[in-house]
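Top line first, the protein sequences correspond to chains S and B.
Residue numbers for the first sequence follow this note's numbering, so the first one is 91 and each next one is one higher.
Residue numbers for the second sequence follow this note's numbering, so the first one is 3 and each next one is one higher.
Glycine included, every Cβ here is placed at the ideal spot set by N, Cα and C.
Below is one structure; the comments refer to it alone.
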Amino acid sequence: MSNSDDTQNMRESMGRGDLEGHIDDWGNLEGHVDDWSDIALDYIDGVLLPETSLAVEEHLKACPSCAGRLKTQREVEDLLQEVEFVEPPSDLSDRIREGILFPTRPLPVLSGHAAHRSLSWGRRLRPWIPVTVAVAAVLIGVVAIGLIRNQPGYFSAVATSTTAAATRFSAEDKGSAPSASGIGALGATSTTAAGSVTSAGPTPTTVASASSVTMVTASTLARGSVHDKAAIVSTLQSTNGPAYLALSGAAGAGPVDNNAPPPPTTSTSTGTPSDQAASQQLEDKAALITGLTSLEPLPGALSLGGPTFAAFLRQKDAGALIDLLNSMGMSVTLELTPPDGMGDTAAQILDRRPELPNLASELTPQPALNRNTWTTSAPAPVEQSSGAATTLTDDREKYVLVVLVVTP
Amino acid sequence: MYRRHEHRAYNLALRTLGNPWDAADVTQEAFIKAFRNLAGFKGEALFGTWLHRIVVNASYDQLRKQRPEPMESEILGELSSTSGAGASVGSARAGTDPAVDGLSEPLRKALMSLNEGFRFAVVLCDLLGFPYSEAAEILEVQEGTIKSRIFRAREALAVALREAGYELPGSRNPGAEASVTDEGATGEQG
Numbered sequence: 091m092s093n094s095d096d097t098q099n100m101r102e103s104m105g106r107g108d109l110e111g112h113i114d115d116w117g118n119l120e121g122h123v124d125d126w127s128d129i130a131l132d133y134i135d136g137v138l139l140p141e142t143s144l145a146v147e148e149h150l151k152a153c154p155s156c157a158g159r160l161k162t163q164r165e166v167e168d169l170l171q172e173v174e175f176v177e178p179p180s181d182l183s184d185r186i187r188e189g190i191l192f193p194t195r196p197l198p199v200l201s202g203h204a205a206h207r208s209l210s211w212g213r214r215l216r217p218w219i220p221v222t223v224a225v226a227a228v229l230i231g232v233v234a235i236g237l238i239r240n241q242p243g244y245f246s247a248v249a250t251s252t253t254a255a256a257t258r259f260s261a262e263d264k265g266s267a268p269s270a271s272g273i274g275a276l277g278a279t280s281t282t283a284a285g286s287v288t289s290a291g292p293t294p295t296t297v298a299s300a301s302s303v304t305m306v307t308a309s310t311l312a313r314g315s316v317h318d319k320a321a322i323v324s325t326l327q328s329t330n331g332p333a334y335l336a337l338s339g340a341a342g343a344g345p346v347d348n349n350a351p352p353p354p355t356t357s358t359s360t361g362t363p364s365d366q367a368a369s370q371q372l373e374d375k376a377a378l379i380t381g382l383t384s385l386e387p388l389p390g391a392l393s394l395g396g397p398t399f400a401a402f403l404r405q406k407d408a409g410a411l412i413d414l415l416n417s418m419g420m421s422v423t424l425e426l427t428p429p430d431g432m433g434d435t436a437a438q439i440l441d442r443r444p445e446l447p448n449l450a451s452e453l454t455p456q457p458a459l460n461r462n463t464w465t466t467s468a469p470a471p472v473e474q475s476s477g478a479a480t481t482l483t484d485d486r487e488k489y490v491l492v493v494l495v496v497t498p
Numbered sequence: 003m004y005r006r007h008e009h010r011a012y013n014l015a016l017r018t019l020g021n022p023w024d025a026a027d028v029t030q031e032a033f034i035k036a037f038r039n040l041a042g043f044k045g046e047a048l049f050g051t052w053l054h055r056i057v058v059n060a061s062y063d064q065l066r067k068q069r070p071e072p073m074e075s076e077i078l079g080e081l082s083s084t085s086g087a088g089a090s091v092g093s094a095r096a097g098t099d100p101a102v103d104g105l106s107e108p109l110r111k112a113l114m115s116l117n118e119g120f121r122f123a124v125v126l127c128d129l130l131g132f133p134y135s136e137a138a139e140i141l142e143v144q145e146g147t148i149k150s151r152i153f154r155a156r157e158a159l160a161v162a163l164r165e166a167g168y169e170l171p172g173s174r175n176p177g178a179e180a181s182v183t184d185e186g187a188t189g190e191q192g
């Protein structure tokens with residue numbers, strides 16, 4: 091497709107050729123084409139007023155140099171107008187739609203074609219080197235201090251600071267390790283940055299993620315709950331359930347990655363308008379979960395502190411579920427016991443397990459908006475239950491009861 | 003919105019950035035930005051004008067990101083005293099596949115050697131067919147400025163193409179070749 095017709099049509103609607111300031115007392119064009127290049131372009135496009143066009147032609151007859159330059163103009167214009175439009179990449183519309191639908195997911199801009207970008211990839215890599223070095227330095231420092239100061243009491247203090255660094259604790263942990271607060275604070279800073287680069291480039295990602303997981307595992311042991319994706323998936327695939335997934339950050343805006351440490355857990359009491367906005371955001375997230383998984387929230391009476399969903403999750407889809415929840419801007423924390431004070435309500439949910447659907451996902455043929463398509467199926471017959479009341483086995487696939495609670 | 007403008011938006015980014023990967027990223031970013039800021043579109047300009055201004059701004063941002071870091075530019079400064087932004091961009095993506103790009107290598111190089119302001123003008127008007135007036139709105143300059151840039155850009159392209167062995171019959175004046183790497187300079191008299 092040539093665009094020259096378009097160009098001509100668009101330009102013909104404009105009109106042209108004000109000679110004022112360009113003619114001498116004899117009605118001739120003053121100077122040369124550099125002095126009236128705007129008129130020259132309109133002359134080439136054939137959109138000048140007749141008298142102006144005549145003045146240009148008179149000049150060109152007397153000035154071969156200007157005539158030659160206008161000829162060059164025409165030739166280059168013709169050459170450029172023959173250049174055909176290039177089709178955009180076939181996946182571009184999907185990428186745009188995804189960016190619009192999932193505003194909290196990092197734009198694929200940074201990672202889209204990393205494999206093709208040897209030079210700019212190198213440039214983009216460079217800013218993360220200090221982060222990587224900082225994380226490595228903290229880890230080396232922690233180990234070295236532990237080896238040198240071979241005192242049981244000191245070592246446990248360092249371990250506490252690692253936990254603080256990994257989970258970005260605020261008030262409650264700052265007080266618990268005064269002797270190592272400096273290390274803890276540095277670790278927190280580095281880890282936060284490391285967590286945010288996971289889509290930026292292959293090498294720093296690997297290093298940073300590995301550091302995060304290591305450190306979060308330390309916090310896991312301390313807190314009895316699981317934050318990082320690998321540990322959650324592993325637990326979901328091995329537990330007999332039920333598993334409670336607290337989905338936090340529903341009101342937050344930043345991208346979430348469960349390979350990174352969870353956000354701070356400090357909460358401040360807010361006024362009524364904020365409460366309403368937060369409540370609306372919880373409902374929005376719940377609606378999104380319903381839209382993407384087909385799961386319906388449980389009745390309000392069975393709520394565990396926020397919109398609550400329950401289903402038998404096919405265990406091999408645990409990773410895909412965490413990815414989906416992360417992509418919605420929520421960080422996931424796994425508990426194997428009901429939230430505090432919610433034991434009775436949780437028991438009521440378990441009582442209704444014959445009614446709960448099975449939840450599974452399949453890979454969506456690409457290109458497509460989502461990597462996975464989620465489906466819910468009718469509750470499995472009770473007789474298919476295995477010995478453990480909160481798991482099911484169907485066609486050799488194992489399902490575990492998960493309860494998802496959307497929290498602020 | 004996307005279907006109507008995708009070709010021009012993508013080709014604008016492609017021709018000004020010089021490679022399809024950055025062009026796709028920039029187009030994506032521009033459409034998402036436009037969608038998120040639809041409420042801010044007041045209707046003072048045509049929607050297409052507004053959208054392409056976003057693409058232009060995103061492309062400028064991308065070009066800024068590609069500029070050599072201080073240490074590199076110091077070295078480059080010794081190698082080439084005339085290395086403008088366009089020159090660095092052109093050399094940074096020497097491996098672009100012509101089959102993907104749709105331009106002959108001499109023409110692509112010639113385009114990328116232009117100063118950014120001249121390149122945006124000539125791409126908008128000569129490659130994408132925008133009227134001078136709309137290109138002026140998109141680039142937020144006077145229409146006369148657009149015409150002046152295009153005139154000089156075409157002359158510089160002719161020179162660059164001829165140097166690359168591409169025959170442009172009848173182009174007898176090789177002047178003005180340096181004028182587009184410095185906006186303040188003017189071409190020689192005709």
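If the criterion is Cβ atoms closer than 8 Å, does the pair residue i and residue j meet it?
i: V492/S; j: L394/S; result: no
i: A436/S; j: P444/S; result: no
i: V465/S; j: R156/B; result: Note on identity: in this sequence residue 465/S is Thr, with Val being the wrong assignment. Against a cut-off of 8 Å, the Cβ pair of R156/B and T465/S comes out as no contact.
i: S417/S; j: G339/S; result: no
i: L424/S; j: T325/S; result: yes
i: A158/B; j: A137/B; result: no
i: H9/B; j: P179/S; result: no
i: A130/S; j: V137/S; result: no
Which chain S residues are close to residue i, counting only those with a beta carbon under 8 Å from its beta carbon?
i: V124/B; result: L170
i: H7/B; result: The premise fails here: H7/B is roughly 10 Å from chain S at the closest Cβ pair, so nothing lies under 8 Å.
i: L16/B; result: V176
i: L105/B; result: V173
i: Y62/B; result: By Cβ distance, chain S contributes nothing, its closest Cβ being about 15 Å from Y62/B, past 8 Å.
For residue i, I'd like the list of residues in its chain whose CB is within less than 7 Å of its CB, leaving aside the five on either flank, ordered along the chain.
i: R17/B; result: L113, V125 and L129
i: G88/B; result: Any reading at G88/B is ruled out, since the residue's pLDDT is 40, under 50, leaving its predicted position unreliable.
i: E139/B; result: A47 and T51
i: K488/S; result: Q405 and T481
i: Q438/S; result: L392
i: P397/S; result: L372, E373, A376, P387 and V496
Counting only Cβ pairs nearer than 9 Å, list the residues of chain B close to residue i.
i: A450/S; result: The premise fails here: A450/S is roughly 31 Å from chain B at the closest Cβ pair, so nothing lies under 9 Å.
Please go through the same chain and pick out, in chain order, the residues whose beta-carbon is closer than 6 Å to the beta-carbon of residue i, but skip the five residues on each side of it.
i: P108/B; result: L163, A166 and Y168
i: F37/B; result: none
i: G409/S; result: V323
i: F43/B; result: W52
i: L209/S; result: Residue placement at L209/S is poorly supported in this model, since its pLDDT is 33, which falls under 50; the coordinates still yield a value, given next. Taken in chain order, the list of residues that qualify is empty.
i: F49/B; result: none
i: E452/S; result: T463
i: A336/S; result: T423, V495 and T497
i: Q327/S; result: Q405 and A408
Under 7 Å Cβ-Cβ, which residues of chain S neighbour residue i?
i: D128/B; result: E167, L170 and Q171
Tell me which same chain residues have a C-beta within less than 8 Å of the C-beta of residue i, skipping the five on either side of it?
i: I134/S; result: L160, Q163, R164 and E167
i: E386/S; result: T380 and F399
Let me make sure I understand the geometry here. Which of the options has the alpha-carbon closest to that of residue i?
i: D125/S; options: L378/S, H112/S, A336/S and A320/S; result: H112/S
i: A468/S; options: A450/S, N462/S and T480/S; result: A450/S
i: Q171/S; options: R66/B, L105/B and Q64/B; result: L105/B
i: H317/S; options: A368/S, L415/S, L392/S and D365/S; result: L415/S
i: H7/B; options: F132/B, E145/B, L141/B and G146/B; result: F132/B
i: V495/S; options: N462/S, D434/S, K375/S and L131/S; result: K375/S
i: L19/B; options: I34/B, K67/B, A41/B and Y4/B; result: K67/B
i: L392/S; options: L426/S, Q371/S and G433/S; result: G433/S
i: F33/B; options: Q327/S, L191/S, L453/S and A401/S; result: L191/S
i: L141/B; options: H54/B, S150/B and G45/B; result: H54/B
i: P60/B; options: I152/B, Y4/B and A11/B; result: Before going on, a small fix: residue 60/B reads as Ala here, not Pro. Here the closest residue by C-alpha is A11/B.
i: L169/S; options: C127/B, N21/B, G146/B and R151/B; result: C127/B
i: S183/S; options: I56/B, Q30/B, P22/B and D63/B; result: Q30/B
i: D128/S; options: V146/S, Q327/S and D430/S; result: V146/S
For residue i, which residues in chain S fall below 9 Å Cβ to Cβ?
i: Y12/B; result: F175, V176, E177, P178, P179 and L182
Kindly list, in the order they appear in chain B, the residues whose Cβ is closer than 8 Å to that of residue i.
i: A130/S; result: F153
Residues of chain B with CB closer than 7 Å to the CB of residue i, please, in chain order.
i: I113/S; result: Going along chain B, no residue has its Cβ under 7 Å from I113/S, so there is no contact; the nearest lies around 17 Å.
i: S127/S; result: K149, S150 and F153
Can a CB atom of chain D be found closer than 8 Å to the CB of residue i?
i: I190/S; result: Given the protein chain composition of this structure (S and B), no chain D is represented.
- Task: Could you name the residues of the region 390-412 of chain S whose beta carbon sits closer than 7 Å to any beta carbon of chain B, in the order they occur along the chain?
- Result: none
- Proximal residues, the region 141-160 of chain B versus chain S, C-beta separation under 7 Å: G146, K149, S150, I152, F153, R156, E157, L159 and A160
- Residues, ordered as in the chain, of the region 133-152 of chain S that lie near chain B by beta-carbon distance below 8 Å: none
- Task: Report the residues of the region 29-50 of chain B with a CB closer than 7 Å to any CB of chain S, ordered along the chain.
- Result: Against chain S - using a Cβ distance shorter than 7 Å - the residues of the region 29-50 of chain B are T29, Q30, E31, F33, I34 and F37.
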